[in-house]
Amino acid sequence: MVIILVFMFGVGCSLLGLGKVGIAAPLGPSTSAWEWSRLSYSETTGFTIREDEASADQEPLATCDDVSVLVDRSHSLPSDYVPRDLVPLQGYGVPTLGSEVLRREAAEHLGRLVEDAAVYGEELVVSSAYRSYEEQQLSHERLVSVFGAGAGRMSASAGHSQHQLGTAVDFTNAAAGYQVWELFAQTSAYWWLEHHAWEYGFVLAYPRGKEEQTGYQWEPWH
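Numbering (my numbering), first residue to last: 20 to 241.
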């Protein structure tokens, strides 16, 4: 069973509370102090970070590292953007299928998530985490060569992937054959994630029944 989760603190959609503005759009008056805000989406309730209002003369522009940056079909990341705080997931006790890295804060929360899931007997293995612009381009082109235009519902084009933010992961485990596919949704680990991932700042990025809104097919692993 593979689940792609987005960490709520950066995009995590791969972050749960991505703002509704693009990278170059002004965020408006704000401070750097973070507070938790309750957020509901479909049948999922979680928490994200919001910024309190401050003086009107503060009007910073969103950057790729800001928690309110939105990355989707209409909002893209620069081809040379690389998060500055990428760390190896294995250093946080997260099993991976390769040398996967994630932004530090997301890695810390993911480590706790995986550890707590194991207490309940659930195996979670990360098959993919941070992906560079070039890696996403190659991945997308491979799918296009096989599925043609249909690949657009299965994979983000380079610059539009949450993986480039370093806050999204794809899960799998033995029950899913250590593959990234819909069988992961039939595992108990997926059920555990559905009910507990939000407690650690993660949310399912592309839920079932929201294909028209997200622009992508259901991905129980992401």
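From the three backbone atoms N, C-alpha and C, an ideal C-beta is built for every residue, glycine too.
Let me know the secondary structure DSSP gives leucine 121 once reduced to three states. Three-state DSSP puts leucine 121 in a strand.
Assign alanine 168 to buried or exposed, taking buried as 16 or more other Cβ atoms, counted over all protein chains shown, within 10 Å of its Cβ. The residue in question, alanine 168, is exposed, as its Cβ has fewer than 16 Cβ neighbours within 10 Å.
What residue range does the beta strand (DSSP E) around threonine 191 cover? First-last of the beta strand (DSSP E) with threonine 191: 187 to 191.
Per DSSP, what kind of secondary structure is leucine 105 in: helix, strand or coil? Correct three-state label for leucine 105: strand.
Counting along the chain, where does the beta strand (DSSP E) carrying serine 9 start and finish? Residue 9 cannot be examined here, being either before or after the span of the chain that is shown, 20 to 241.
From leucine 216 to leucine 132, what does the alpha carbon distance come to, in whole angstroms? In the sequence under discussion, the amino acid at residue 216 is alanine, which differs from the leucine named in the question. Rounded to the nearest angstrom, the two C-alpha atoms are 7 angstroms apart.
Since glutamate 211 and tyrosine 139 should fall inside the 8 angstroms C-beta cutoff, what is the C-beta to C-beta distance between them, to a whole number of angstroms? One point to set straight first is that residue 211 is tryptophan, not glutamate, in the sequence displayed. With 8 angstroms as the limit, tryptophan 211 and tyrosine 139 qualify as a contact, their Cβ atoms being about 6 angstroms apart.
Can you tell me the Cα-Cα spacing of leucine 223 and serine 176, whole angstroms? Straight across, the Cα-Cα distance linking leucine 223 with serine 176 is about 19 angstroms.
Neighbourhood of methionine 173 by C-beta, 8 angstroms cutoff - its chain only, sequence neighbours within 5 removed: Excluding sequence neighbours, methionine 173 sits near Leu162, Phe166, Tyr235 and Gln236.
Report back the beta-carbon spacing between proline 239 and alanine 193 to the nearest angstrom; my notes put them in contact at under 8 angstroms. Not really, about 16 angstroms apart at Cβ, beyond 8 angstroms.
According to the Cβ coordinates, are aspartate 6 and histidine 179 closer than 8 angstroms? The structure shown has nothing for residue 6, since the chain only spans 20 to 241.
Using the Cβ count rule (16 or more neighbours within 10 Å means buried), how would you classify serine 98? Classification for serine 98: exposed.
Please tell me whether, using a cut-off of 7 angstroms, the distance from the CB of aspartate 99 to the nearest non-hydrogen atom of the ligand ADP is below it. The ligand ADP is not among the ligands present in this structure, which contains no ligands whatsoever.
In whole angstroms, what is the alpha-carbon distance linking glutamate 201 and tyrosine 225? C-alpha separation (whole angstroms): 12 angstroms.
Rounded to whole angstroms, how far is the Cβ of valine 120 from the Cβ of leucine 129, which I believe are closer than 8 angstroms? Between leucine 129 and valine 120 the Cβ distance is about 11 angstroms, and since that is not below 8 angstroms, they are no contact.
Assuming the contact rule is C-beta atoms closer than 8 angstroms, glutamine 183 and serine 151 should be a hit. Round their C-beta distance to whole Å, please. Contact flag correct, Cβ pair sits at about 7 angstroms.
Smallest Cα separation from glutamate 231: which of Glu127, Gly171 and Tyr219? Considering only alpha carbons, the answer is Gly171.
Per-residue burial, arginine 122 [other beta carbons within 10 Å of its own, 16 or more giving buried]: Buried.
Taking only the alpha-carbon atoms, compute the straight-line gap between leucine 143 and alanine 136 and give it to the nearest angstrom. Computed Cα separation, rounded: 8 angstroms.
7 angstroms Cβ shell around glutamine 156 - same chain, five flanking residues per side excluded: Setting aside the 5 residues that flank it on each side, glutamine 156 is surrounded in the same chain by Ala177, each with a C-beta closer than 7 angstroms to its C-beta; the list follows chain order.
Which listed residue (Ala187, Asp84, Glu134 and Leu89) has its alpha carbon closest to that of proline 114: Nearest C-alpha to proline 114: Glu134.
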